[in-house]
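J.: Residue numbers (my numbering), protein chains in the order written: chain A, 5 to 414; chain B, 5 to 414. Positions of the beta carbon are idealized from the N, C-alpha and C atoms, including for glycine.
#1: Step through the CB atoms of chain B and report whether any lies within less than 7 Å of the CB of residue 20 of chain A.
#2: Is there a Cβ from chain B that is less than 7 Å from the Cβ of residue 253 of chain A?
#3: Compare the C-beta of residue 52 of chain A against all C-beta atoms of chain B and say whether one is closer than 7 Å.
#4: Helix, strand or coil: how does DSSP classify residue 362 of chain A here?
#5: At 7 Å on the CB atoms, spell out the chain B contacts of residue 164 of chain A, in chain order.
#6: Counting pairs of Cβ atoms below 8 Å between the segment 55 to 66 of chain A and the segment 94 to 113 of chain A, do you hit three or more?
#7: Could you tell me whether any Cβ in chain A is nearer than 7 Å to the Cβ of residue 23 of chain B?
#8: Give the list of continuous beta strand (DSSP E) stretches no shorter than 3 residues that lie fully inside the segment 175 to 255 of chain A.
#9: Could you pull out every residue in the same chain whose Cβ sits closer than 8 Å to the Cβ of residue 353 of chain A, ignoring the five residues on either side in sequence?
#10: So, helix, strand or coil for residue 150 of chain B, using DSSP?
#11: For residue 316 of chain A, count neighbouring Cβ atoms within 10 angstroms of its own Cβ and tell me buried if that reaches 16, exposed if not.
#12: Could you name the residues of chain B that residue 72 of chain A contacts, counting a contact when the two beta carbons are closer than 8 Å?
#13: Starting from the N-terminal side, write out each stretch of the alpha helix (DSSP H) that is 4 residues or longer and does not extend beyond the segment 338 to 406 of chain B.
#14: Taking all protein chains shown into account, do 16 or more other C-beta atoms lie within 10 angstroms of the C-beta of residue 125 of chain B, making it buried, or fewer, making it exposed?
#15: Taking the continuous alpha helix (DSSP H) assigned at residue 69 of chain A, which residues delimit it?
#16: Compare the C-alpha of residue 52 of chain A against each of A/38, A/69, A/43 and A/34 and name the closest.
#17: Does any C-beta atom of chain B lie closer than 7 Å to the C-beta of residue 34 of chain A?
#18: Which residues in the same chain have their Cβ closer than 6 Å to the Cβ of residue 86 of chain B, if we skip the five residues on either side of it in sequence?
#19: Output yes if chain A places a C-beta closer than 7 Å to the C-beta of residue 375 of chain B; else output no.
#20: When you measure from the CB of residue 125 of chain B to every non-hydrogen atom of the ligand HEM, does any distance come out below 6 Å?
#21: Using a cut-off of 9 Å between C-beta atoms, extract the partners of residue 44 of chain B located in chain A.
#22: For residue 311 of chain A, report the span of its alpha helix (DSSP H) as first-last.
#23: DSSP three-state label for residue 103 of chain B, please.
#24: For residue 407 of chain B and chain A, any beta-carbon pair shorter than 7 Å?
#25: If the cut-off is 9 Å on Cβ atoms, which residues from the segment 326 to 351 of chain A count as contacting chain B, listed in chain order?
#26: Assign residue 236 of chain B to buried or exposed, taking buried as 16 or more other Cβ atoms, counted over all protein chains shown, within 10 Å of its Cβ.
#27: Quick check on residue 288 of chain B - is its C-beta less than 7 Å from some C-beta in chain A?
#28: How long is the line joining the alpha carbons of residue 76 of chain B and residue 223 of chain A, rounded to whole angstroms?
#29: Just to make sure I have the definition right: I need the residues of chain A whose C-beta is within less than 8 Å of the C-beta of residue 1 of chain B. Which are they?
#30: Does the count of Cβ pairs from the segment 297 to 313 of chain B and the segment 368 to 378 of chain B closer than 8 Å reach three?
#31: Looking at the unbroken alpha helix (DSSP H) that takes in residue 53 of chain A, where does it start and where does it end?
#32: When you check each C-beta in the segment 292 to 304 of chain B against every C-beta of chain A, which residues fall closer than 8 Å?
#33: Note down the Cα distance separating residue 187 of chain A from residue 27 of chain B, rounded to an integer number of angstroms.
#34: Leaving out the 5 sequence neighbours to the left and right, which residues in its chain are closer than 7 Å to residue 261 of chain A when beta-carbon positions are compared?
#35: Less than 7 Å between CB atoms is the rule here; does residue 102 of chain A satisfy it with respect to chain B?
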């Protein structure tokens, strides 16, 4: 049997070569990061910047190859959050649930409020079409949602997933995602010119929460019985394949139900952590995730355009000015969230720093704003920079607060 | 961080749901096949037929989702052949090299000759544009290349990869691929109206053989030293990620050099089987491969159109008639190849049956023929049927000859 290099439109040989480059660069720079005392994920992000469109152009960004990388990256983040769900102790999560909720709400409300106020009341470059209120809502929205992927990976690299702080952060980041969905639906409506509807906001919120609760409750009851049957099958790696299929299926269901893919992935992990075959599943999922999660982090890095940092260009100077303000708001707004739950004993600075990274959500909001004309290219660039800086400061910050990396597992 | 359901054009939720269905169906029908005493891969092919466009339509066949499935399937076959390369004992392969060569050559020449003769000298339905010679070359070509993926998977399912027969078959199938490349270049030239050039044939052959020899010789010398450095890195799963990246990279290189992707994948496996970290790599690659190889077999099954089997339709009857002739030629032409190397002691019927399955190569040839107008839809359908039947008869045939399946490894 013979596989053609260019069967069906995509140049598969070229695509696989890019994939090989992504994997090797991710590991080499991840190693470099660890050697200089930083978490590996920081190196993977830098690898992405280097391989991205503004430097080497190795990571496909457009057309079908771009879509392919995007889907593989989504598979990577899905597997990462599935692993996180597997490692989640539900009772521990409930114990810190009130703290997570408080951290999430403060961490969304404060940056949104500060961002809105900055845009509405402080002088800054022109904001494109639409009213000042509309663009201020957009700027505020881009500042809200924590990238649980980055933080979870750092905590995992540092071997700190079982700490009180990690539980609060992961819980808050998942709640953040639910709030992010609500904000997204509001923002999309605003971009389309619609009025903000309280009913719509409540409905989005109810769907996301309802999905998580029903999935975990029903799943924890039914799925362990199902997997007791699966384990009696004889075909190779049947547990692993069913577990991954379950994560894929529940993620899709979450999205179809109007919630987020990754909420389904976390739920799938939490549900499977209650099965008798939990150890085998976790042991076998790890190598699969280890291939795909670097693709996610490299592609996040690759979306950064280094030309935005050139201080000799006048448009870049405006962008840098706005970006500076957004960065300060983004960091302060999440740091204070660490102090949102005074009734729970925890290292509040660790929680605050853990909530700082913004990932693709901010980029998605900014992209909707740009395409609808509400945000100018400069503001879009500033949001990109904010996402980049918050993503890059959190890993060394957490590392400095939490100490040395654990010994390698692979 | 929040992953959108439909970011960037592809409906990721829908795609992941299809993927989940593919994985679950593959394992359920694989299990069913094993329970009735057949190899699991047969069940995965049937799962593909059921999920394919002619029945349930779950497997995406067109557009970007179709490309995605195609790339994931290629990744699956690449990982499968990489695993096969890892399990290959090079000395043992060389010991049976002359037998493999003889089996490959007879198994290509006899079906090609019989196919050509049938088409040129026996009455049959109309053959579209072009001369009878051109279409006869096409029909002959579709009958030549063995699908090493199917046979290797069956041998692996049966726990017979370490037998004399398996070595001869795998070696012959790889050589077959090299010959397939030569035939493909000839056939493509014929479709474009070019004369067959001896120089072109020799060049294609030399590139493919040269690549394999140089890659393995240089690789066996350099790569073990490289991996002794890689193993000293501290980041997680660094060996696995480098091994997969090496397989992807060498496969691309093979394709760019004018050879086939999967020749690169086999070569990568053979090279890494000489490293000191061989055990860890094999242990960690398996779960990754177990997720992706079923996608390949399901997508092969999904390309089968069951409507071609409807005997009440007149066009289907013509197709069935031609298909019957091609099937007889395809099976007999490869069975005799088992007797091509009388100087090597082996079970010749096992080797013959092992060479019978035709996979996507036949489909690729037929597709080129159809698109260039050399083959009619009926003949294309007949080739599809031939590929399907040869693919489906080999697993139970080998199983009957080789005995019981091994206990499950997962």
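T.: The short version:
#1: Residue numbering aside, residue 20 of chain A sits at position 16 when the first chain is read from its first letter. True, the Cβ-Cβ gap to chain B drops below 7 Å.
#2: Here residue 253 of chain A is taken as the residue at index 249 of the first chain, counted from 1. For residue 253 of chain A, the closest Cβ of chain B is nearer than 7 Å.
#3: In the first chain, the residue the question calls residue 52 of chain A occupies position 48. Judged by the 7 Å Cβ criterion, residue 52 of chain A is not in contact with chain B.
#4: Residue mapping note: residue 362 of chain A aligns to position 358 of the first chain, counting from 1. The answer is strand: DSSP assigns residue 362 of chain A an E or B state.
#5: Reading the first chain from its first residue, position 160 is the one you call residue 164 of chain A. Within 7 Å Cβ-Cβ: nothing; residue 164 of chain A doesn't reach chain B, min ~15 Å.
#6: no
#7: For this step, residue 23 of chain B is matched to residue 19 along the second chain. True, the Cβ-Cβ gap to chain A drops below 7 Å.
#8: Counting only runs of at least 3 residues, the segment 175 to 255 of chain A fully encloses no beta strand (DSSP E) element at all.
#9: Taking the first residue of the first chain as 1, we reach residue 353 of chain A at position 349. Counting only Cβ-Cβ distances below 8 Å, and skipping sequence neighbours, we find 339, 342 and 405.
#10: Within the second chain, numbered from 1, the residue matching residue 150 of chain B stands at position 146. Strand, per DSSP.
#11: Taking the first chain and counting its residues from 1, one reaches residue 316 of chain A at position 312. Exposed.
#12: Looking up residue 72 of chain A in the first chain gives position 68. Under the 8 Å cutoff, chain B gives 71, 72 and 75.
#13: As far as the segment 338 to 406 of chain B is concerned, its whole alpha helix (DSSP H) runs of at least 4 residues are 352 to 358, 364 to 375 and 381 to 406.
#14: By 1-based counting over the second chain, the position of residue 125 of chain B is 121. Answer is exposed; the Cβ neighbour count stays below 16.
#15: Here residue 69 of chain A corresponds to residue number 65 of the first chain, with the count starting at 1. Per DSSP, the unbroken alpha helix (DSSP H) holding residue 69 of chain A starts and ends at 67 to 91.
#16: For the purposes of this step, residue 52 of chain A is taken as residue 48 along the first chain, with counting starting at 1. Taking only the C-alpha atoms, the option nearest residue 52 of chain A is A/34.
#17: Position 30 of the first chain, counted from the first residue, corresponds to residue 34 of chain A. Cβ-Cβ to chain B under 7 Å: yes for residue 34 of chain A.
#18: In the second chain, the residue the question calls residue 86 of chain B occupies position 82. The beta carbon of residue 86 of chain B sits closer than 6 Å to the beta carbons of 251, 269, 272 and 273 from its chain, once the five residues preceding and following it are set aside; these are given in chain order.
#19: Position 371 of the second chain, counted from the start, is the residue given in the question as residue 375 of chain B. By this cut-off, residue 375 of chain B is not an interface position.
#20: This structure does not include the ligand HEM; it has no bound ligands of any sort.
#21: By one-based count along the second chain, residue 44 of chain B stands at place 40. Under the 9 Å cutoff, chain A gives 238, 239 and 240.
#22: Your numbering for residue 311 of chain A matches position 307 in the first chain. Element bounds for residue 311 of chain A: n/a, residue is neither H nor E.
#23: Taking the second chain and counting its residues from 1, one reaches residue 103 of chain B at position 99. Helix.
#24: For the purposes of this step, residue 407 of chain B is taken as residue 403 along the second chain, with counting starting at 1. No, no contact with chain A.
#25: none
#26: Reading the second chain from its first residue, position 232 is the one you call residue 236 of chain B. When all chains shown are included, residue 236 of chain B counts as exposed.
#27: Looking up residue 288 of chain B in the second chain gives position 284. Chain A, which has a Cβ nearer than 7 Å to the Cβ of residue 288 of chain B, makes this yes.
#28: Taking the first residue of the second chain as position 1, residue 76 of chain B is located at position 72. Taking the first residue of the first chain as position 1, residue 223 of chain A is located at position 219. Cα-Cα distance, rounded: 29 Å.
#29: Since the first residue of chain B shown is 5 and the last is 414, residue 1 of chain B is not available in this structure.
#30: no
#31: Here residue 53 of chain A corresponds to residue number 49 of the first chain, with the count starting at 1. From DSSP, the alpha helix (DSSP H) with residue 53 of chain A extends over 44 to 55.
#32: 292, 294, 295 and 298
#33: Numbered from its first residue, the first chain carries residue 187 of chain A at position 183. Numbered from its first residue, the second chain carries residue 27 of chain B at position 23. So the alpha carbons of these two residues sit roughly 34 Å apart.
#34: As a first step, residue 261 of chain A must be located in the first chain, where it is residue number 257. Excluding residues within five positions, the ones whose Cβ falls inside 7 Å are 211 and 215.
#35: Your numbering for residue 102 of chain A matches position 98 in the first chain. It does not: the Cβ of residue 102 of chain A has no partner Cβ on chain B nearer than 7 Å.
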